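The structure appears right after this line, and notes come after that.
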Amino acid sequence: ERHGYLKGVVKEIIHDPGRGAPLAKVVFRDPYRYRLNKMLFVAAEGMHTGMFVYCGKKATLTVGNVKPVGDMPEGTLVCNIEEKPGDRGTVARCSGNYATVIAHNRDTGKTRVRLPSGNKKVLPSQSRAMVGIVAGGGRTDKPLLKAGRAFHKYRAKRNCWPRVRG
């Protein structure tokens, strides 16, 4: 993956309770042993079952592929970005979120990225990111309308509702 690429197949798109974004089950062939490696990815918008996903330095710039941030052109919309190379994606993973690659500094090996909050962050150019925006956007556009729906939403997540103000 560091020099070439790995090819995986999206087996299914699944819903994870307590998470807004759907997950993609991707199956890769192991490059060293005779076996299959199954990975869970945060699904990018446009991913579907049976789709081929390429991960690595030589992967093409299409939705769902994973590449080092330093190999992407400026203005690319990315999600699921690694803060440190090898931490498997910690930034821009919420439904509908994305970050934008702003600039590269080839001398220091750093890349500047605009985060969903609007902040700009400098990351190592070797840290990987998925091309595209996270699926499940527009989830918060519809109001919950009643307390029962809010109750069931937060019951699946954690104990943070209702919040008493008085």
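Numbering of the sequence shown is given in my numbering, commencing with residue 7 and proceeding in unit increments.
C-beta atoms are modelled at their ideal positions from N, C-alpha and C, and glycine is treated no differently.
Computed from a predicted structure; not experimentally measured.
- With fewer than three CB-CB distances shorter than 8 angstroms, the segment 7 to 20 does not count as touching the segment 84 to 104.
- In this structure, R8 keeps its C-beta atom at 9 angstroms or more from the C-beta atom of G95.
- About 4 angstroms separates the beta carbons of Q132 and P91, which is inside the 8 angstroms limit, making them a contact pair.
- Separation of the CB atoms of E51 and A141 is rounded to 5 angstroms, and the pair is thereby assigned contact status at 8 angstroms.
- Residue state for Y60 is assigned as strand, using DSSP reduced to three classes.
- Put simply, the segment 149 to 156 does not touch the segment 106 to 125. Fewer than three CB pairs are less than 8 angstroms apart.
- The closest CA to that of I108, considering only S123, T82, V97, is found on T82.
- A straight line joining the alpha-carbon of P74 with that of G172 spans about 49 angstroms.
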